[in-house]
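What follows is one structure encoded as structure tokens, with my remarks underneath.
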Amino acid sequence: MITVTEATATAGSLKRLSDESVSIWLDDLSRKRIESGNLAELVENKNVVGVTTNPSIFQAAIGSGAGYEEQLADLAVRGVTVDEAVRMMTTADVRAAADILRPVYDATDGRDGRVSIEVDPRLAHNTAATIAEARQLAWLVDRRNVMIKIPATKAGLPAITEVIGLGISVNVTLIFSLERYREVMDAYLAGLEKAAEKGLDLSTIHSVASFFVSRVDSEIDKRLTVLGTDEALALKGRAALANARLAYEAYEDRFGSADNSTRADDRWSTLENAGANRQRPLWASTGVKDAAYKDTLYVDELVAPGTVNTMPEDTLDATADHGEITGDTVTGGYGQARADLAAVEALGISYDEVVQQLEDEGVAKFEVAWNDLLAAVTKALDSKGAAA
13 MITVTEATAT AGSLKRLSDE SVSIWLDDLS RKRIESGNLA ELVENKNVVG VTTNPSIFQA
73 AIGSGAGYEE QLADLAVRGV TVDEAVRMMT TADVRAAADI LRPVYDATDG RDGRVSIEVD
133 PRLAHNTAAT IAEARQLAWL VDRRNVMIKI PATKAGLPAI TEVIGLGISV NVTLIFSLER
193 YREVMDAYLA GLEKAAEKGL DLSTIHSVAS FFVSRVDSEI DKRLTVLGTD EALALKGRAA
253 LANARLAYEA YEDRFGSADN STRADDRWST LENAGANRQR PLWASTGVKD AAYKDTLYVD
313 ELVAPGTVNT MPEDTLDATA DHGEITGDTV TGGYGQARAD LAAVEALGIS YDEVVQQLED
373 EGVAKFEVAW NDLLAAVTKA LDSKGAAA
């Protein structure tokens with residue numbers, strides 16, 4: 013248990029991050045984390061105001077078996093399918109986490125206190141099935157502070173519109189390209205317009221757009237290393253930040269800047285006047301993949317008003333210990349960001365090819381993790397069933 017003195021000592025950088033209007037969400041969840049009181053402790057002592065999950069996170073949590081034995085035994089006795097078992101366990105965890113975070117949700121009028129759960133990744137290229145799954149997940153969790161994660165694939169875009177139009181809050185995930193991000197913002201606004209037509213209260217609908225960061229550097233750095241020139245090597249570790257900063261510029265172009273120096277477009281202004289909330293940019297994949305980089309790189313260098321940074325616990329702890337939060341590190345860097353991406357392109361590395369590859373790989377990785385989870389739960393159910 014962290015003492016008050018220790019909490020005060022370690023929370024300085026995290027508090028500064030929060031004071032810069034960056035919401036800190038934990039990129040992890042497990043039954044053990046919930047039942048041990050760890051999640052509540054992070055909310056109380058480390059400025060955590062939300063939780064994100066994904067298939068890989070649940071595969072690690074449930075695959076370990078820790079905390080799930082009793083529920084697995086009950087599910088085995090009932091003879092449920094493996095898909096139903098997985099959904100019963102994951103939604104139970106999200107529901108419990110949502111209850112822990114409900115005071116944050118109430119205190120922030122729904123802006124934070126959110127817990128995200130993703131649609132089955134095998135549905136990423138099926139619009140109708142994604143919509144149906146999103147409705148089912150919202151019903152199963154049955155908490156106002158849940159967010160349904162929908163991947164930003166081509167098939168995901170119309171699903172985002174339909175689900176927002178039903179009044180369900182959405183975390184749009186697996187965004188890599190600036191073009192796709194603009195399409196995601198359009199899909200969100202179209203959904204709000206549908207919700208308005210139905211007479212729904214727009215102020216109750218929230219969304220974040222999860223822009224993945226470290227994976228961009230991993231792929232582009234790999235290609236720069238192959239080139240091996242001084243010019244190429246000098247660009248390592250710069251593409252991901254450049255991409256994210258230009259995403260924030262696109263956000264300001266649509267929703268307006270915090271200091272009102274950039275005016276919101278008319279379509280958004282109409283919705284905002286009707287009570288709608290901005291779709292905040294969320295920095296995802298913020299744990300560094302290259303040990304040569306500072307472990308808080310994608311936190312320190314992506315501070316901007318009205319954003320979310322979702323961190324694995326290692327990154328959260330590193331930020332608390334030695335993060336350097338010096339104010340806005342995004343909005344003054346758009347020109348350099350464009351120059352960095354242009355320099356990468358000039359070396360023959362195609363931005364469009366990289367971001368499409370990363371999207372495809374992201375969907376595939378989550379599908380593999382989901383299938384691994386199904387296999388582990390199948391084995392556990394068979395074992396519990398045999399024991400019964």
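Residue numbers (the working numbering): 13 to 400. Note that beta-carbon positions come from the ideal geometry of N, C-alpha and C, so glycine has one too.
Identify whether residue i lies in helix, strand or coil by the three-state DSSP scheme.
i, result
"Lys-396", "helix"
"Val-16", "The predicted model places Val-16 with a pLDDT of 39, which falls under 50 and marks its position as unreliable; any figure quoted below should be read in that light. Val-16: helix per DSSP, three-state reduction."
"Ser-281", "helix"
"Gly-62", "strand"
"Ser-30", "helix"
"Pro-133", "helix"
"Ala-21", "Residue placement at Ala-21 cannot be trusted, given a pLDDT of 41 that sits under 50; the coordinates are not used to answer."
"Val-342", "coil"
"Lys-161", "strand"
"Val-89", "helix"
"Glu-84", "In the sequence as displayed, the identity of residue 84 is Leu instead of Glu. In this structure, Leu-84 counts as helix in the three-state DSSP scheme."
"Val-300", "coil"
"Leu-38", "strand"
"Ser-215", "helix"
"Ser-362", "coil"
"Arg-275", "coil"
"Arg-235", "helix"
"Ile-187", "strand"
"Val-127", "strand"
"Leu-314", "coil"
Taking Cβ to Cβ, would you say residue i is nearer than 7 Å to residue j?
i, j, result
"Ser-226", "Lys-161", "no"
"Pro-324", "Gly-299", "yes"
"Val-127", "Val-106", "yes"
"Val-220", "Arg-292", "yes"
"Arg-266", "Met-197", "yes"
"Leu-26", "Ala-332", "yes"
"Gly-179", "Ile-129", "no"
"Ser-30", "Asn-50", "no"
"Ala-73", "Lys-396", "no"
Following the continuous alpha helix (DSSP H) through residue i, name the residue where it begins and the one where it ends.
i, result
"Ala-202", "190-209"
"Ala-270", "That residue, Ala-270, is in no alpha helix (DSSP H); it is neither H nor E in DSSP."
"Asn-321", "Counting along the chain, Asn-321 falls outside any alpha helix (DSSP H), though it belongs to the beta strand (DSSP E) covering 319-323."
"Ser-76", "67-76"
"Leu-51", "50-57"
"Leu-245", "242-245"
"Arg-45", "43-47"
"Leu-117", "Position check: residue 117 holds Tyr in this sequence, whereas Leu was assumed. 94-119 is the span of the alpha helix (DSSP H), which, as asked, contains Tyr-117."
"Arg-147", "139-153"
Where residue i and residue j are concerned, what is the direct C-alpha to C-alpha distance, given to the nearest angstrom?
i, j, result
"Leu-6", "Phe-188", "It is not possible to answer for residue 6, since the shown part of the chain is limited to 13 through 400."
"Ala-246", "Asp-312", "20 Å"
"Ala-21", "Thr-185", "Only weak support exists for where Ala-21 lies, its pLDDT of 41 falling under 50; the value from the coordinates is given anyway. About 33 Å."
"Leu-201", "Thr-282", "10 Å"
"Ala-52", "Val-34", "20 Å"
"Ala-387", "Tyr-346", "45 Å"
"Ala-144", "Leu-239", "46 Å"
"Tyr-263", "Pro-170", "20 Å"
"Ile-176", "Ala-303", "39 Å"
"Gly-24", "Ile-337", "9 Å"
"Val-131", "Arg-43", "19 Å"
"Asn-285", "Leu-370", "37 Å"
"Asn-321", "Asn-157", "18 Å"
"Asp-124", "Leu-113", "9 Å"
"Ala-270", "Val-342", "12 Å"
"His-334", "Ala-97", "41 Å"
Using only alpha-carbon positions, find the residue among the options that is nearest to residue i.
i, options, result
"Val-135", "Glu-365, Leu-41, Pro-67", "According to the sequence provided, residue 135 is Leu. The question's Val does not apply to it. Considering only alpha carbons, the answer is Pro-67."
"Asp-154", "Ala-104, Ala-376, Glu-264, Ala-144", "Ala-104"
"Val-61", "Ala-78, Ser-42, Val-116", "Val-116"
"Met-101", "Leu-113, Gly-79, Thr-120", "Gly-79"
"Leu-214", "Ala-288, Glu-284, Arg-279", "Ala-288"
"Lys-391", "Glu-243, Asp-118, Glu-47, Asp-95", "Asp-95"
"Trp-280", "Leu-84, Val-228, Glu-205", "Glu-205"
"Asn-272", "Gln-83, Pro-317, Ile-232", "Pro-317"
"Asp-39", "Val-55, Arg-45, Thr-64", "Thr-64"
Going by DSSP, what residue range makes up the beta strand (DSSP E) through residue i?
i, result
"Ile-180", "Ile-180 -> no beta strand (DSSP E), and no H or E assigned at all."
"Ala-221", "219-224"
"Ala-296", "291-296"
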